[in-house]
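Sequential numbering from 6 applies to the sequence shown in the numbering used here.
Using N, Cα and C, we set each Cβ at its ideal position, and we do this for glycine too.
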Amino acid sequence: MDDADTAGALHRALLERFGETVEVPEGLDGLDELLRMATHATHRAWTDRAVEPGLVRLLAACALGAPSKSYLQQADIVDVREPGLRAEVEALVPSMPWIADAPALLVVCGNGRRFRRLFERRGQPFTNEHLDGFFNPAVDAALVLMNLIRAAEAAGLACCPISVLRDRAARLAELLRMPAHVFPIAGLCIGWPVGHRDVNARLPLSATLHVDRFDEDRDGRRDDAAIDAFDARYVAAQASRRPPGAAPATAWSDERARQYATAQREDWGDFVRAQGFDTR
Ligand SMILES: Cc1cc2nc3c(=O)[nH]c(=O)nc-3n(C[C@H](O)[C@H](O)[C@H](O)COP(=O)(O)O)c2cc1C
């Protein structure tokens, strides 16, 4: 595609994603990368083609170059390869068979241990034992996760993050021998995609992109209106993708409220504290 075609495709992809026009300035560099980001879609089916360890290493190297809070480098990746171990990790989430199907499975971790060791090795007291000491590695790890997805998608691979692994965080930590102050933020399935996935819509930028300050009214009615409009667009998109005779599409709000009608991962705080973090 030449630049004009790529700019057109980017414009259309963003219109589909947000339901509103986003201008693409003329003569802008990096259109291919922007288009790849704009058309991102999570996949849950892969071909049988292997994702070789060397390729995983390349993706991990690109991902671990993510920015790092105070240059503390508090994120690690575990490439789960040994078949017996993989089977044990997969068995933690039997409800998601795409984990077992994925040619590669990584677990992205926040690592607050390295920071503490700097002090231990110097015989200095660690003076940052509070919630920020947990939050910073979590943010670093999230950036590495995002970078892994971007690197994989740039190489033509497809991904599915797996936070449901955290439902069994203590067992996962045991299986992967995570030391104190190390915690999983998500797994990541990587493989060569089967077919094309349509993009999932996002809330309009009028709701999520703020200029200078939140213009949300105190009771949230502006956001409510954006969500109602989004729900209508979501239902229409789902309906257009369903085969004739399928059950009617439901709204994004209804699906999310149903998904979270029962509490999830109530023991996460206990796990984080058991790993040694003080979350005050
Ligand atoms: C941190 C994180 C955890 C996720 N965990 C899961 C998961 O456990 N299982 C799953 O199938 N998808 C998981 N997803 C994928 C989301 O469901 C997906 O990103 C969302 O539906 C939006 O779709 P899209 O990425 O195609 O736009 C996760 C995504 C993120 C960012």
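Neighbour-count burial assignment, residue i, 16 or more Cβ in a 10 Å radius
i	result
residue 282	buried
residue 6	exposed
residue 185	exposed
residue 278	exposed
residue 241	exposed
residue 192	buried
residue 63	exposed
residue 162	buried
residue 280	buried
residue 61	buried
Test item: CB-CB of residue i and residue j under 7 Å
i	j	result
residue 108	residue 55	yes
residue 190	residue 164	no
residue 180	residue 93	yes
residue 149	residue 199	no
residue 39	residue 12	no
residue 244	residue 254	yes
residue 267	residue 136	no
residue 188	residue 115	yes
residue 145	residue 111	no
residue 152	residue 68	yes
residue 207	residue 22	yes
residue 197	residue 44	no
residue 256	residue 236	yes
Same chain, Cβ closer than 6 Å to residue i, neighbours up to 5 away in sequence not counted
i	result
residue 27	19
residue 49	103, 165
residue 65	82
Close beta carbons around residue i, own chain, < 8 Å, minus the five adjacent residues each side
i	result
residue 211	25, 231
Same chain only: Cβ atoms within 7 Å of residue i, ignoring 5 sequence neighbours per side
i	result
residue 41	158, 159
Cβ-heavy atom distance, residue i to ligand 3, below 6 Å
i	result
residue 205	As presented, the structure is devoid of ligand 3, carrying ligand 1 as its sole ligands.
Three CB pairs or more closer than 8 Å across the stretch 69-81 and the stretch 109-120 = yes
query = Which parts of the stretch 74-152 are runs of the beta strand (DSSP E), unbroken and 3 residues or longer, counting only runs that do not cross its ends?
reply = The stretch 74-152 contains, as complete beta strand (DSSP E) runs of 3+ residues, the segments 80-84, 109-116 (chain order).
With three or more beta-carbon pairs closer than 8 Å as the criterion, would you say the stretch 266-282 touches the stretch 171-187?
yes
- Length at least 3, wholly inside the stretch 231-265: the beta strand (DSSP E) runs in chain order: Within the stretch 231-265, no run of beta strand (DSSP E) at least 3 residues long lies entirely inside it.
message: Please give me, in chain order, every unbroken run of the beta strand (DSSP E) with length at least 3 that falls completely inside the stretch 154-214.
response: As far as the stretch 154-214 is concerned, its whole beta strand (DSSP E) runs of at least 3 residues are 163-167, 187-196.
Check: Could you give the uninterrupted runs of the beta strand (DSSP E) lying entirely in the stretch 18-74, keeping only those of 3 residues or more?
Finding: none
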